[in-house]
Amino acid sequence: MDTKFSVALHIMVMISESTEVQNSDTLANSVNTNPSYIRKITALLKKAGIIESTQGKSGISLLKSSREIDLLEIYQAVHPKEVKLLNVHTDVNPECPVAQNIEAVLNPIFTDAEQQLFQSLKARTLEDVIKQMKENNNESHSNQAI
């Protein structure tokens with residue numbers, strides 16, 4: 605399972621909300637992965653014009669406010685080539701009537717589901733994620749700030 609999108613969101617929340625400089629080491633510690641994977645994800649976010657990163661003390665920062673960054677933009681940054689989320693198996697028995705029709709029937713259904721997902725991501729912003737995270741954190745009575 606591909607987790608680049610959730611890792612990218614994790615990184616973006618950390619960058620947006622932390623009062624400390626964020627670099628690949630501190631982000632990797634939070635995500636519980638290695639810094640090279642964080643650098644791979646941040647390179648994609650940087651290429652998409654969502655963040656900027658500099659070596660040294662300034663670390664990584666957002667190029668726009670969290671309310672201006674929708675989740676689809678982040679998703680597309682870490683999946684720069686169009687990726688079909690739902691695929692139909694195509695190596696089927698050509699003599700089977702189900703096999704002959706499965707692709708034609710399922711492709712429009714899968715395409716519609718993907719379009720609805722993308723519309724939902726477009727309607728939500730990084731700020732929405734941050735607000736929800738803060739609400740969840742408050743409900744769990746955590747003493748740590750997001």
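According to the working numbering, the stretch in the sequence shown is residues 605 to 750, in order. Quick reminder that beta carbons are idealized off the backbone N, C-alpha and C, glycines included. Because the structure is a prediction, the values reported are computed rather than measured.
Write down the C-beta distance between residue i and residue j rounded to the nearest angstrom, noting that I regard them as a contact closer than 8 Å.
i: I706; j: V692; result: 6 Å
i: V687; j: I645; result: Not really, about 16 Å apart at Cβ, beyond 8 Å.
i: G663; j: N627; result: 5 Å
Do residue j and residue i have their beta-carbon atoms positioned less than 8 Å apart in this structure?
i: L676; j: F714; result: no
i: A632; j: I619; result: no
i: A703; j: V696; result: yes
i: L667; j: G653; result: yes
i: E624; j: I750; result: no
Considering only residues of the same chain and omitting the five flanking positions on each side of residue i, which have a CB-CB separation below 6 Å?
i: L759; result: Past the boundaries of the shown model lies residue 759; the chain is included only from 605 to 750, so the question cannot be answered.
i: D629; result: P639
So who's on the other strand from residue i, going by DSSP bridges?
i: D674; result: T729
Could you give the residue range of the beta strand (DSSP E) that holds residue i?
i: L666; result: I664 to L666
i: S657; result: I655 to S657
To which residues of the same chain is residue i closer than 7 Å at the C-beta, ignoring the five residues directly before and after it?
i: L613; result: I678 and V733
i: L690; result: F714, A717 and E718
i: T658; result: none
Taking residue i as part of the alpha helix (DSSP H), name the residues at either end of that continuous run.
i: T646; result: P639 to K651
i: D629; result: S628 to V635
i: H614; result: K608 to E621
Please work out which residues of its chain come closer than 8 Å, Cβ to Cβ, to residue i, disregarding the five sequence neighbours upstream and downstream, and give them in chain order.
i: F609; result: I678, Y679, V682 and H683
i: K738; result: I750
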